[in-house]
Amino acid sequence: MKAMVLCAGLGTRLRPLTERWPKPAMPFLGQPLLRYHLAVLKAAGVTAVGINTHHLPDTMAAVARAECERAGLPLHVVHEPVIQGTGGGIRGLRDFLSGEDFLVFNGDILFPVDLRPVVAAHRESGAVATMVLLPMPEGEKYAAVESDAGGQVRRIAGHGPGGEGLTPWHFTGVHVMSPSVFDFMTAEGPEDINREVYVRVMQAGLQVRGHAVDAYWSDLGMPSRYLATVRDVLEGRVPLQALGKDSPLHGLKASADGAWVHPEARVAGTVRGPAYVGAGAVVDADSTVGPNVSVGPGARVGQGARLERCAVFEETQVAPGEALTEVLAWGPHRVPAPLTGR
511 MKAMVLCAGL GTRLRPLTER WPKPAMPFLG QPLLRYHLAV LKAAGVTAVG INTHHLPDTM
571 AAVARAECER AGLPLHVVHE PVIQGTGGGI RGLRDFLSGE DFLVFNGDIL FPVDLRPVVA
631 AHRESGAVAT MVLLPMPEGE KYAAVESDAG GQVRRIAGHG PGGEGLTPWH FTGVHVMSPS
691 VFDFMTAEGP EDINREVYVR VMQAGLQVRG HAVDAYWSDL GMPSRYLATV RDVLEGRVPL
751 QALGKDSPLH GLKASADGAW VHPEARVAGT VRGPAYVGAG AVVDADSTVG PNVSVGPGAR
811 VGQGARLERC AVFEETQVAP GEALTEVLAW GPHRVPAPLT GR
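Whatever position you read off the sequence shown (first residue = 1), add 510 for the working numbering.
This is the structure in structure tokens:
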């Protein structure tokens with residue numbers, strides 16, 4: 511089975527971080543976000559991966575090559591000089607994907623889920639596509655996927671034939687597709703897989719199905735969500751066991767209060783859990799890190815600094831005496847990431 515990870519997005523809401531990394535290449539607890547996607551896909555039976563690139567294509571391709579080599583997965587890369595949207599992006603990998611059913615995975619989420627039951631249900635149903643769904647997150651305003659009692663999707667973000675007695679769900683950004691989906695795509699130009707391609711499938715009387723799962727899911731596309739996801743991992747809300755050796759905490763031992771410090775880090779200050787300090791990071795004397803702080807590989811926390819509820823990216827220098835709360839820190843940048851109400 512093959513899979514595609516969508517990697518062409520601009521990441522405007524995460525600037526200036528995305529001026530350095532495309533979202534799927536962005537570090538998360540010491541390793542690229544893409545590594546988590548590949549672990550999930552490989553566990554589902556995927557044997558080869560394709561990506562599309564647009565924003566910072568060389569960076570994205572280099573990270574994907576390194577991560578796929580690490581995972582033992584062949585990589586196929588298609589560059590989009592003009593961004594093609596989700597539908598157009600998938601269409602660009604048609605030659606790579608069209609031999610059999612395949613998976614598509616959004617590149618900016620953390621979703622350690624077992625996809626094997628979803629794949630099995632898709633194959634049994636004969637649907638053109640199966641969308642992986644969750645109950646709508648409380649307080650969020652994501653566009654709803656509405657399905658009938660039999661699990662057939664009838665409306666997506668207000669588009670589609672509709673019907674009576676429909677239940678709204680949240681779409682996770684993960685789908686299983688049959689090659690017949692390409693028959694409903696335009697020959698060229700940008701298009702949206704959900705609002706356009708799937709609507710054509712439904713209007714033709716064929717099935718787009720929804721498959722609800724019980725799993726942790728987070729969208730890392732905004733600073734506050736990125737930091738909230740760091741907090742969720744450190745506070746033990748994310749079942750990382752499914753990631754195996756690709757868990758960011760694999761092989762580390764936590765203190766009694768949940769401080770995960772890499773053995774190659776140098777800590778002279780105080781680390782209060784839950785917290786993470788990556789390989790090669792330095793925490794100078796009289797500084798305090800935590801709770802709910804991630805310090806990336808090679809970063810340095812200067813003497814007397816105070817860090818609480820923040821993420822410090824790799825190689826970043828926190829100045830002596832600097833106080834950071836609810837920010838993402840990369841180089842000279844301090845990006846506000848308020849957690850109020852999250």
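Ideal Cβ positions, reconstructed from N, Cα and C, are used throughout, including at glycine. As the structure is a prediction and not an experimental result, all values here were calculated from the model.
Are the C-beta atoms of residue i and some chain C residue less than 8 angstroms apart?
i, result
"Leu527", "Reference to chain C is not applicable here, since this structure consists of a single protein chain."
Residue range of the alpha helix (DSSP H) that residue i falls in?
i, result
"Ser734", "Pro733 to Leu744"
"Pro567", "Pro567 to Ala581"
"Gly595", "Gly595 to Arg601"
"Arg710", "Tyr708 to Gln713"
"Ala766", "Ala766 -> no alpha helix (DSSP H), and no H or E assigned at all."
Note down, in chain order, each residue of its chain lying with its Cβ closer than 7 angstroms to the Cβ of residue i, except the 5 sequence neighbours on either side.
i, result
"Leu551", "Ala513, Val559, Leu613 and Phe615"
"Glu824", "Pro537, Gly806, Pro807, Gly808 and Ala809"
"Thr835", "Glu818, Arg819 and Cys820"
Can you pull the DSSP bridge partners for residue i?
i, result
"Ala839", "Val822 and Arg844"
"Met687", "Phe612 and Ala639"
"Met514", "Gly560 and Val614"
"Ile619", "Asp729"
"Pro678", "Glu656"
"Leu644", "His680"
Does the Cβ of residue i lie closer than 7 angstroms to at least one heavy atom of the ligand FAD?
i, result
"Glu825", "No copy of the ligand FAD appears in this structure; indeed no ligand is present at all."
Using C-beta distances below 6 angstroms, list every residue in its chain close to residue i, excluding the 5 sequence neighbours before and after it, in chain order.
i, result
"Ile593", "Ala518 and His564"
"Asp767", "Gly783"
"Gly521", "Thr528 and Lys533"
"Pro842", "none"
"Ala833", "Arg816"
"Gly595", "Pro700, Glu701 and Asp702"
Kindly indicate which three-state DSSP category residue i falls into: helix, strand or coil?
i, result
"His869", "Residue 869 lies beyond the stretch modelled for the chain, which goes from 511 to 852, so this question has no answer here."
"Asn802", "coil"
"Leu817", "strand"
"His772", "coil"
"Gln662", "strand"
"Gln854", "Outside the modelled stretch of the chain, which goes from 511 to 852, sits residue 854, for which no answer is possible."
"Ala631", "helix"
"Glu832", "coil"
"Asp729", "strand"
"Leu759", "coil"
"Leu544", "helix"
"Pro534", "helix"
"Arg782", "coil"
Checking 8 angstroms against the spacing of the C-beta atoms, do residue i and residue j come in under that value?
i, j, result
"Ala821", "Ala795", "no"
"Pro678", "Met712", "no"
"Thr640", "His721", "yes"
"Gly779", "Ser797", "yes"
"Ser635", "Gln751", "no"
"Leu620", "Thr739", "yes"
"Val803", "Arg819", "yes"
"Ala553", "Asp624", "yes"
"Val642", "Val691", "no"
"Met695", "Gly540", "no"
"Val573", "Pro526", "no"
"Arg664", "Gly555", "no"
Which same chain residues end up closer than 8 angstroms to residue i when comparing Cβ atoms and leaving out the 5 residues on each side of it in sequence?
i, result
"Cys578", "Leu548, Val559, Pro584 and Leu585"
"Asp742", "Tyr726, Ser728 and Val748"
From what residue to what residue does the beta strand (DSSP E) around residue i run?
i, result
"Arg525", "Careful: Arg525 lies outside any beta strand (DSSP E) and carries neither H nor E."
"Tyr786", "Ala785 to Val787"
"Ala554", "Careful: Ala554 lies outside any beta strand (DSSP E) and carries neither H nor E."
"Arg604", "No beta strand (DSSP E) contains Arg604, which is instead part of the alpha helix (DSSP H) from Arg604 to Leu607."
"Val718", "Val718 to Ala722"
"Ser657", "Ala654 to Ser657"
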